[in-house]
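Enquirer:
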Amino acid sequence: MEHYWDDDLLVAAQSDLWNHSFVFLKSMSLKCAIELGIPNAIHRHGAPVSVPDLVAALNLPAARLPPLRRLMRALAFSHLFTRQTSEATAAGGEEEDLYGLTPTSRLLVDDAGDRRSLAPFVRAMLDPVQTMPSLLISGWFKAADGVATPFEAVHGSDIWSRTSRNPEFNATFNEGMAADAGFVMDLVVRKCGHVFRGLRSLVDVGGGTGAAARAVAGAFPHIKCAVLDLPQVVQGLPADGPVEFVAGSMFERVPPADAVMLKIVSSLGVVRFVRKA
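Heads up: the sequence shown begins at 1 in full-length UniProt numbering, then just goes up one per residue.
And the structure:
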């Protein structure tokens, strides 16, 4: 016997499907806002800004005004920007919506003083190299070729080999990781600085371009900090700063230190290997 669904339940179920089907637009709208420079433009304006003023500040074609209105409404609905109606009327007697920064979008401002921007992290995570595998997950499940991940199925290698062959993506990925690590470590050294007391040396395994290690070295100058990462990550980085960069793989050798820092661990095998080293 067919299960009975009342109309309210059917409408709610359809709404849920719509939400799942179009949720990707939230990420892509965020990516668009960063690439256009909307958070920076609002920050420079110093107050909530109208969409016509945004069009002028971003040097966009006038024909893009209506779609930019729709984009800003969507971003405000996602709590990335505030939305309010101006007290004064715009030309033609119509009220104009004004958009301001929220705590989330303030994290995307590039010139916000000593606060690190997370815009590079968002750009790295939403780069087509990263998002393309998500479109082909079902094909990966069906394939019997033994490929370990959808990323490898699309690009023919894991992400680390991809960065070694693609300088542009390598730079985007490293900048994103550095932005996130620096942001988090600034908080860690302020809130959990006691965990570093008593250390004379520390090695950040997979530490990228050294943002986390520099945060530790800045807060605790007596700690000798080093970063171990792949050659394509650390090549060209300054050798005369507070952090020593070591090119290599954690699976071959980890430089000796009082403590080893692992910020992201995707395998217990990594933990066992580093502990053994």
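For every residue, glycine included, the Cβ atom is placed at its ideal position computed from N, Cα and C. Computed from a predicted model, the values in this text were never measured in an experiment.
Keeping to the same chain, check which residues put their C-beta closer than 7 Å to that of residue 104; ignore five residues upstream and five downstream.
Expert: 79, 80
Enquirer: DSSP on residue 95, reduced to helix/strand/coil?
Expert: strand
Enquirer: Do residue 230 and residue 179 have their C-beta atoms closer together than 9 Å?
Expert: Against a cut-off of 9 Å, the Cβ pair of residue 179 and residue 230 comes out as no contact.
Enquirer: Apply the 10 Å Cβ neighbour rule to residue 192 and answer buried if 16 or more other Cβ atoms are within range, or exposed otherwise.
Expert: exposed
Enquirer: Out of 98, 213, 181, 76, which has the shortest C-alpha to C-alpha gap to residue 260?
Expert: 213
Enquirer: Counting pairs of beta carbons, one from the segment 214-221 and one from the segment 184-202, are three or more of them closer than 8 Å?
Expert: Taking a cut-off of 8 Å for Cβ pairs, the segment 214-221 and the segment 184-202 touch, as three or more such pairs fall below it.
Enquirer: Given that a residue counts as buried once 16 or more other Cβ atoms are within 10 Å of its Cβ, and exposed if not, what is residue 28?
Expert: exposed
Enquirer: According to DSSP, is residue 263 helix, strand or coil?
Expert: coil
Enquirer: Quick one: what's residue 84 bridged to in DSSP?
Expert: 98
Enquirer: I'd like the list of long-range same chain contacts for residue 8, defined as Cβ closer than 6 Å, with 5 residues on each side in sequence excluded.
Expert: none
Enquirer: Report yes if the C-beta distance between residue 205 and residue 254 is below 9 Å; otherwise report no.
Expert: yes
Enquirer: For residue 207 versus residue 120, is the C-beta distance shorter than 9 Å?
Expert: No; because the gap between Cβ atoms is not below 9 Å, this pair is not in contact.
Enquirer: In whole angstroms, what separates the C-alpha of residue 49 from that of residue 109?
Expert: When rounded, the separation of the alpha-carbon atoms in residue 49 and residue 109 is 15 Å.
Enquirer: Reducing DSSP to helix, strand and coil, say where residue 204 ends up.
Expert: DSSP, reduced to helix, strand and coil, places residue 204 within a strand of the structure shown.
Enquirer: Measure the alpha-carbon distance for residue 211 versus residue 150 and round it to whole angstroms.
Expert: Within the model, the alpha-carbon separation for residue 211 versus residue 150 is close to 29 Å.
Enquirer: Using a Cβ-Cβ cutoff of less than 6 Å, which residues in the same chain neighbour residue 43 once the five nearest sequence positions on both sides are dropped?
Expert: 109
Enquirer: If contacts are defined as beta-carbon pairs under 8 Å, then residue 227 and residue 243 qualify, I think. What distance do you get, rounded to the angstrom?
Expert: 6 Å
Enquirer: Does DSSP put residue 249 in a helix, a strand or coil?
Expert: coil
Enquirer: Helix or strand or just coil, what does DSSP make of residue 50?
Expert: strand
Enquirer: In angstroms, rounded to a whole number, what distance separates the CA positions of residue 14 and residue 35?
Expert: 33 Å
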